[in-house]
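Yeah, the sequence shown ends on 147 if you go by full-length UniProt numbering, and it's all consecutive. We put the CB at the ideal spot given by N, CA and C, even for glycine.
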Amino acid sequence: MFVLDPRLEQDTYVLGDFPLCRLLLSKDANYPWFILVPRRADVSELFQLDGGDQQQLWKETTELAETLKDSFAADKMNVATLGNVVSQLHMHVIVRRRSDLAWPSPVWGHSPASQYAAEQLAEIRQRLKMALDDDFKFWRVKPCPLS
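See below:
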């Protein structure tokens with residue numbers, strides 16, 4: 001049974017679900033930083049997903065990255081799986097701009113997290129609603145403050 005890692009649960013807002021992945025938003029307003037987590041139990045590496053899930057993860061990652069690049073005027077999209085701190089397989093999809101605090105360095109550990117205002121969260125949700133296809137289902141329950 002899939003259970004979201006407690007660290008991811010603590011550090012993110014849950015936005016909703018693609019067919020395979022749960023979509024999270026990092027609680028760091030310095031960067032539009034999204035995380036896809038395949039809803040599969042006990043998976044820490046890409047190669048542990050079966051072939052169909054690997055293809056679906058890449059499809060969802062590509063759709064999200066293209067949507068974010070357009071919706072957030074990204075100069076560059078950073079897409080990565082690391083898993084050194086949280087071993088549960090998750091894909092970071094981060095909008096980068098030349099004007100962001102960490103450019104051109106990695107975002108991890110660069111600056112203290114900045115909290116989102118409720119209006120910023122609502123705007124992000126609206127941008128995604130306008131851009132994502134019908135395969136994405138927004139959550140309408142807590143703890144996500146966007147509903």
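Helix, strand or coil: which one does DSSP assign to Ser44?
coil
Check the DSSP bridge columns for Arg22 and list the partner residues they point to.
Asp17, Val37
Using a 10 Å radius around the Cβ and a threshold of 16 neighbouring Cβ atoms, would you call Leu128 buried or exposed?
buried
For Lys27, three-class secondary structure by DSSP
coil
In the DSSP assignment, the alpha helix (DSSP H) including Ala122 goes from what residue to what residue?
118 to 131
Spell out the partners DSSP gives Arg96 in its beta bridges.
Lys76
DSSP three-state label for Thr81, please.
coil
Closest by CA to Asp134, which one among Glu60, Gly51, Val37?
Glu60
Residues sharing a beta bridge with Thr12, DSSP:
Ser26
Whose CA, out of Phe72, His92, Ser71, lies closest to the CA of Asn78?
His92
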